[in-house]
């Protein structure tokens with residue numbers, strides 16, 4: 669009697685070329701992810717400058733306004749939410765096409781993750797450079813703070829860059845979880861992610877309240893650098909990255 673041993677081939681190891689092909693897939697049309705965001709950013713920024721100029725003219729000069737009149741602006745924060753939206757759009761538009769080209773889910777997911785990391789780094793670096801220009805020009809000659817609003821004014825450029833990178837990665841990979849849920853279960857998956865995230869945030873706020881932890885949290889944030897505090901988001905970002913891959917492994921292309 670002859671025994672035949674069946675040897676199971678190991679799963680293919682992702683190659684740099686295949687992963688990079690997935691990255692290139694997301695930037696095949698650079699307009700929505702590389703060009704349009706900066707144009708929108710420029711339009712929002714120009715609108716803020718115009719409003720500041722109108723207020724200064726109406727007030728008769730900076731001496732008639734408070735020293736921090738233009739020190740608070742949330743206009744730059746939209747780019748972080750844009751990263752989450754890009755993650756959803758990138759996967760919903762390219763997943764079926766990528767599998768049709770013969771990409772494995774692993775290569776596609778790694779390439780998508782690399783794309784989002786590079787995109788977040790580019791936005792963080794661009795905003796930090798603009799923040800440096802803003803400081804060097806005394807708020808664009810108007811005393812405005814678009815890229816360094818509120819308490820961010822006192823941060824070093826290195827701290828600002830790191831906080832932006834960590835925040836961008838967090839938003840991007842929360843978007844990845846939503847994207848993979850959409851790819852796998854369509855609208856139902858997206859609703860579950862949004863609802864689950866809302867419940868987690870509400871539950872965390874309730875737990876912080878009943879345990880009277882808001883005070884110690886404020887003390888911790890006040891005693892430690894913003895860069896260190898932002899680094900604590902990294903475990904959440906990594907967990908979202910792992911969860912996104914788990915969801916995508918069994919996802920199938922659907923019309």
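Numbering (the working numbering), first residue to last: 669 to 923.
Think of the CB as a built atom: it goes at the ideal place given N, C-alpha and C, for glycine as much as any other residue.
In this text, all values refer to a predicted model and were calculated from it rather than measured experimentally.
Please list, in chain order, all residues of the same chain as residue 720 whose beta carbon is under 6 Å from its beta carbon, the five residues on each side excluded.
738, 810, 812
Between the alpha carbons of residue 901 and residue 843, how many angstroms are there, rounded?
15 Å
Taking the straight line between their C-alpha atoms, what separation do you get for residue 693 and residue 727?
So the alpha carbons of these two residues sit roughly 51 Å apart.
Where do the N-terminal and C-terminal ends of the alpha helix (DSSP H) with residue 888 fall, by residue?
882–891
Where do the N-terminal and C-terminal ends of the alpha helix (DSSP H) with residue 767 fall, by residue?
746–768
Excluding the 5 residues flanking residue 779 on each side, which residues of the same chain have their C-beta closer than 6 Å to its C-beta?
These residues qualify, in order along the chain: 687, 690, 691.
According to DSSP, is residue 697 helix, strand or coil?
Note: residue 697 maps to coil in three-state DSSP.
For residue 906 and residue 888, what's the separation of their Cα atoms in angstroms?
Computed Cα separation, rounded: 23 Å.
Thinking C-alpha only, which one of 878, 838, 782, 827 is nearest residue 684?
782
At 4 residues or longer, and completely inside the segment 785–869: list those alpha helix (DSSP H) runs for me, N to C.
Taking only runs of at least 4 residues, the alpha helix (DSSP H) segments lying wholly in the segment 785–869 are 825–853.
Please report the residue range of the alpha helix (DSSP H) in which residue 719 lies.
704–727
Determine the direct distance from the alpha carbon of residue 828 to that of residue 896, and round the result to whole angstroms.
11 Å
Short check: CB of residue 840 to CB of residue 784, under 8 Å?
yes
Can you give me the start and stop residues for the alpha helix (DSSP H) that residue 898 sits inside?
Per DSSP, the unbroken alpha helix (DSSP H) holding residue 898 starts and ends at 894–899.
Once the 5 residues before and after residue 837 are set aside, which same chain residues still bring their CB inside 6 Å of it?
788, 905
In angstroms with no decimal places, state the Cα-to-Cα distance between residue 871 and residue 797.
Their backbone Cα atoms lie some 37 Å apart in a straight line.
By how many angstroms is the C-alpha of residue 744 removed from the C-alpha of residue 863?
26 Å
Relative to the C-alpha of residue 826, which residue among 799, 911, 861 is closest?
In terms of CA proximity to residue 826, 799 leads the group 799, 911, 861.
Between which residues of its own chain and residue 879 is the CB-CB distance below 6 Å, once the five residues before and five after are set aside?
none
Quick check on the DSSP output: the alpha helix (DSSP H) that includes residue 902 runs from which residue to which?
902–917
Assign residue 920 to one of two classes, buried (16 or more other C-beta atoms within 10 Å of its C-beta) or exposed (fewer than that).
exposed
With a threshold of 16 other CB atoms inside 10 Å of the CB of residue 741, please say whether the residue is buried or exposed.
buried
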